[in-house]
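Everything on this sheet refers to the single structure shown next.
In full-length UniProt numbering, the protein residues as written are 1 to 317.
What follows is the structure, encoded as structure tokens:
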């Protein structure tokens, strides 16, 4: 059983599962169980741990299936968080990169704009972009999602000091679990805002690498990987424009409103309907409207639009 990644916190069995996924490129727990002669449950749990470490990503869909992440980026992220036995881990990363490269049809070039095709490639590039970020990651986020709606890579990056600023479309907040995930990331340090009318998905790392799907149809999706260029500068400027126009999802320190009331106001101003807001906050529509009436009184507003304007002027949202 291999154990080159033990120093980086990877269990030897998990490493054998990772190697098997690298060879296959994508795999389901049952396929790996057959390859390794273990139970499906044991293979599934190993895949979940590898997903948490950013070594594999779960593909979208009902069936559980995972794709390997390029070890050159994925393992390096682990190395930066663990200094013990650094040389041994880096030699393992080189070996895994050779295995990964052997399973690929070709190698990526260094053009200013590179095209990646398919959900799997899009998901890998999004993980790699975050893992290679040193200072900040800026995103425009809206459905649909190539892998899952959660992003465990972000929590790791936040822990090593990378600044995240995200602008979300209101449609993203309606997806099950997304709003709670965002609130958890905000507690870890993400700066989150919401803006109606967001039409594209975009991620920019350190203003030197960007990833943008060329359509929102993820079946056969093509995405542009953009390196330093005038196009990257223009996309960065566009992100800044969206950020300045968006409404914060995190409250200022002097916010006199409760967190849930402030979030309700933000969602209302963002264009979500009553039933969608109530569902996201775990309330009944009746409860939501009752709390909205109370806020009208607090703000001296006669309707929700005026309430949003007054709250924004006061810096509460």
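Note that CB positions come from ideal geometry on N, CA and C, so glycine has one too. Computed from a prediction, not measured in an experiment: that's the story for all the values here.
For residue 199, the closest C-alpha among the options 209, 183, 207, 217 is that of 217.
In the displayed model, residue 248 falls within a strand according to three-state DSSP. Annotated three-state conformation of residue 59 is coil, per DSSP. As a beta-bridge residue in DSSP terms, residue 213 pairs with 223. Taking a C-beta distance under 9 angstroms as the contact criterion, residue 129 and residue 179 do not qualify as a contact pair. Of the residues assessed, residue 202 falls on the buried side of the cut-off, its CB having 16 or more other CB atoms within 10 angstroms.
Using a C-beta cut-off of 8 angstroms, the segment 284 to 293 makes no contact with the segment 178 to 197, since fewer than three inter-stretch Cβ pairs fall below that distance. The C-alpha of residue 197 is placed about 21 angstroms away from the C-alpha of residue 306. When 142, 173, 127, 175 are compared, the shortest CA-CA separation from residue 155 is found for 127. If you ignore the 5 residues before and after residue 151, its C-beta comes within less than 7 angstroms of no other C-beta in its own chain. In this chain, the beta strand (DSSP E) harbouring residue 204 covers 202 to 205. Each residue's CA atom was taken as its position, placing residue 133 and residue 159 some 12 angstroms apart. Residue pairing by DSSP leaves residue 130 without any beta bridge partner. Membership of residue 139 in any alpha helix (DSSP H) is not indicated; the residue belongs instead to the beta strand (DSSP E) covering 136 to 141.
Between the segment 221 to 231 and the segment 169 to 184, the count of Cβ pairs shorter than 8 angstroms is below three; the stretches do not touch. Rounded to whole angstroms, residue 145 and residue 308 show a C-alpha spacing of 30 angstroms. In the structure shown, residue 180 adopts helical secondary structure according to DSSP, grouped into three states.
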